[in-house]
Each structure stands twice: as structure tokens, then as C-alpha cells.
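Asker: Everything in the sequence shown is counted per this note's numbering, starting at 167 for the first residue and increasing by one.
Input: one structure, supplied below.
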Amino acid sequence: MAPMFKNQSPQQLTFWASLSSSAAITILILVLSKLTGLFDLSWIALALVFGLVFVVSFLGNYFFIRYYIFRKIKLIYKIIHRHKLPTDFKADKVKMGDNIFDEIDEEVNQWARARTRELDELEKLATYRRQFIGDVSHELKTPIFNIQGFIHTLLDGAIDDPEVNIKYLKRAGKNIERLQAIVEDLETINKIESGQMILDLREFDIRELTDEVFADLELKARERKIKLTYKEGANQHFRVRADKESIRQVLINLVQNSIKYGREGGTTKVSFYDMASYILLEVSDNGIGVTPQDLPHVFDRFFRVDKSRSRDAGGTGLGLSIVKHIMEAHKQTINVRSTYGQGSTFGLTLEKA
Ligand code: ADP
């Protein structure tokens, strides 16, 4: 198409088409009259013929093109809007004066961009699912393999050996507990991710809740000679608004980690800070710490710096991932700072009541 017609509106195109066809017909009539001599037309008559042909062809073309464009656009809309064309979309909606093709072009491009984004999202989700299933089966494999080993050894004769039979059964039992812990953590993650976890937001005293968690973990802490305490000057009572039971789980996970990865004979300190609109809670230990390379990954599911140490301590590698999910569900933050070999501090925010 000639460049001059490139950016024309349908109305302008109709005009040019009608103008050229009426000019052609008028010239044809003029030529016929001159050649045959059968009729002689005055210039006025010719002008009238030209005008009449122009008006008739303009109107004809105008409505034909409008209908034609309407049909085409309707088809495009049907495809891109998944058959949900606005019910008031009628032929007279086609604005013949505007550059309707540019509009449609833009709309189709927008639609294509949205679809590409959607596909990317789906692709990401599929990768996440694949990885998740891979991680889960990998994690389940070790305890299942261990249980299988102990049972087979017992069946192969060890059952009659009083030196080892109870020991092997106990070890198999430990691995079953591990399986149970993994499945329970997975269930918790699944609940949060699928939005099934309904937060029961209530006001409560966060210092009192921490006291309860300290009491529950006292024995575990004593086993490693770790002292659970509050930081001086940051141990006031504060009322917060949150889901108490899930915050209890967060505190349990963080304090438990401070015991598992703390130094024997060390100290876990919890502190509370009033930050105007929220309360900052910190759990600090003076344990093994995390290297800067590992630090960004501690909230990833199944991530452990030292797999065997985590396993021996009954860890699933899901604890911090659950903590992060719970804090995100509260629309609050969780972060960590750590110096390798010196200790770690996990900080989280809570809405002030
Ligand atoms: P796990 O069940 O292994 O404890 P978590 O999700 O709770 O899983 O923690 C992930 C990893 O982060 C742990 O395996 C450990 O390597 C590291 N980590 C967590 N808390 C601490 C801490 N207080 N000090 C040092 N390392 C920690």
C-alpha cells in the first residue's frame, strides 16, 4: 500500500476510494459520450454525475467497510477476551474517524504481553512444584532408607542378638519420628501457601508468650547448657496484635535453632524494642553463626548449612521457611544478621496493639 495510505482512518480511506471511483466513472462516461456521440453531457451534468456517484459510493463503502471491520474486530475481541465481548459492542461502536487499526494493534499487543507474563508465571510455578517434589522425595528418602536398613538387619538375624536388637528398633523409631516431623512441617507449609491458614488476630502480651516458650524449651536448653534469658533494658511487656499460636510456633522455631546451633554453655537472648508503629523482637545467640554466602538462603525450604548437625538435632530444614511464611501472612518482616563463628540474631516485627 502506498505510504500515504498507511496511517489513514477508515473514513479517510473510504473518502479516497469513493473519490477515485467516482472520478473514474465520470471520466468513463465523458469518454463514452465523446466516442459514441450518442449523448452530449454538459459540465454541470457531469459534475452532478460525479457528485451523485461520489455520495452513493461513499455511503456504500462507508457502511460496508464499517460492517466488515466490525466483523473482523469482533472476531479479534472474541479471541483475546476469551469470548467475553462486551454485550454493548455494536457495529456503530466502530469509530470510522479514528485510526481503529492502531487501537486494535495496541490492544492485541497488550493482550499478548499479558499472556506472556501469565505463561512466565505458570512456568515459574511449574519449576517451583518440580523442585518442591524433588526436595520432598529427597528428604523422605534418607529416613525411609535407614528404617529399611534396620528392619532388614533385624529380620536377617539381629532380632535375636540382645546386644543390638533394641538399639536398632530405637534407631528405626527415631527415623519414623523424623518422617513425622517432615510431614507435619510440610502440612504447615502447605496450609500457609494454599491460604488455608486463617489468622486469628488477637491482642496478647508478647513477653508472656516468650516466657511460655522459654519454659517449654527449658529442658532442651539445659541439655546443651544454654541459658534462655532477656536482654537487659529490652525486656518490657508489650501488647501486640497477631495470631498467638502461629507466633508461638515462630518463637519456638527461633529459640530451638538458637539452642541447636548455639555454643554449648552459651546464651540465647530475646529483646523487645518499641519502634513507634510496631514492636521489634530479636532472638540472639552466641553460637556457630552463618557465613555471608549461606545467610541469604537460611529461609529457603530444606536449606541446612550442615545437614548432619541439623538432622541429629531433629531438624527438617523447614523451620525457618515456616517462620518466614507465617511472618509474611501477618504482613510483617523477618530478617537475620550473623557473624560466622560468633552468633546470629533473628529479628521480626509485630503489630503493636
Ligand atoms: P533446621 O531444621 O535445619 O534447623 P531451619 O529452617 O530452622 O532448619 O534452619 C535452616 C538452617 O539455617 C539450619 O540448618 C542452620 O544451618 C541455619 N540456622 C538456623 N538458625 C541458626 C542459628 N541460630 N545459628 C546458626 N545457624 C542457623
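Beta carbons are placed, not taken as given, at the ideal position from N, Cα and C, and that holds for glycine.
My output table needs one value for Met441: the three-state DSSP class, helix, strand or coil.
Answerer: strand
Asker: Using the Cβ count rule (16 or more neighbours within 10 Å means buried), how would you classify Leu288?
Answerer: exposed
Asker: From Ser510 to Thr282, what distance separates their C-alpha atoms?
Answerer: Annotation: Ser510 to Thr282 spans about 42 Å, alpha carbon to alpha carbon.
Asker: Taking the alpha-carbon of Glu359 as reference, which of Val219, Lys490, Gly513 has the nearest alpha-carbon?
Answerer: Lys490
Asker: Enumerate in chain order the residues of its own chain whose CB-to-CB distance from Ala324 is below 7 Å, with the five nearest sequence positions on each side excluded.
Answerer: Val330, Asn331, Tyr334
Asker: If you measure from the CB of Thr482, is any heavy atom of ligand 1 nearer than 7 Å?
Answerer: yes
Asker: Output needed for Pro309: all residues of its chain with C-beta closer than 7 Å, excluding positions within five of it in sequence on either side, in chain order.
Answerer: Closer than 7 Å at Cβ, skipping near neighbours: Asn341, Arg344, Leu345.
Asker: According to DSSP, simplified to helix, strand and coil, what is Arg405?
Answerer: strand
Asker: Since Arg396 sits in a beta bridge, which residues does DSSP pair it with?
Answerer: The question names Arg, yet the displayed sequence has Tyr at residue 396. For Tyr396, which the question treats as bridged, DSSP gives the partners Val436.
Asker: Tell me the rounded alpha-carbon separation between Asn173 and Ala280.
Answerer: 26 Å
Asker: Using the beta-carbon count (16 or more within 10 Å), is Asn452 buried or exposed?
Answerer: buried
Asker: What do you get for Pro458, buried or exposed, if any count of 16 or more other CB atoms within 10 angstroms of its CB means buried?
Answerer: exposed
Asker: What residue range is occupied by the uninterrupted alpha helix (DSSP H) comprising Lys386?
Answerer: 372 to 389
Asker: On the three-state DSSP scale, how would you describe Asn501?
Answerer: strand
Asker: Comparing alpha-carbon positions, which option in Lys393, Asp440, Tyr243 lies nearest His403?
Answerer: Asp440
Asker: Quick one: give me the first and last residue of the beta strand (DSSP E) that Glu517 is part of.
Answerer: 509 to 518
Asker: Looking at ligand 1, does it come within less than 7 Å of Val464, judged from the CB to the closest heavy atom?
Answerer: yes
Asker: Out of curiosity, what's the CA-to-CA distance linking Ala183 and Asn227?
Answerer: 8 Å
Asker: Identify which residue in Gly428, Gly485, Arg232 has its Cα closest to the Cα of Phe267.
Answerer: Arg232
Asker: What number of angstroms, rounded off, separates the C-alpha of Leu446 from the C-alpha of Thr376?
Answerer: 13 Å
Asker: Compare the beta carbon distance of Val456 and Val436 with 8 Å and say whether it is the shorter of the two.
Answerer: No. Outside cutoff.
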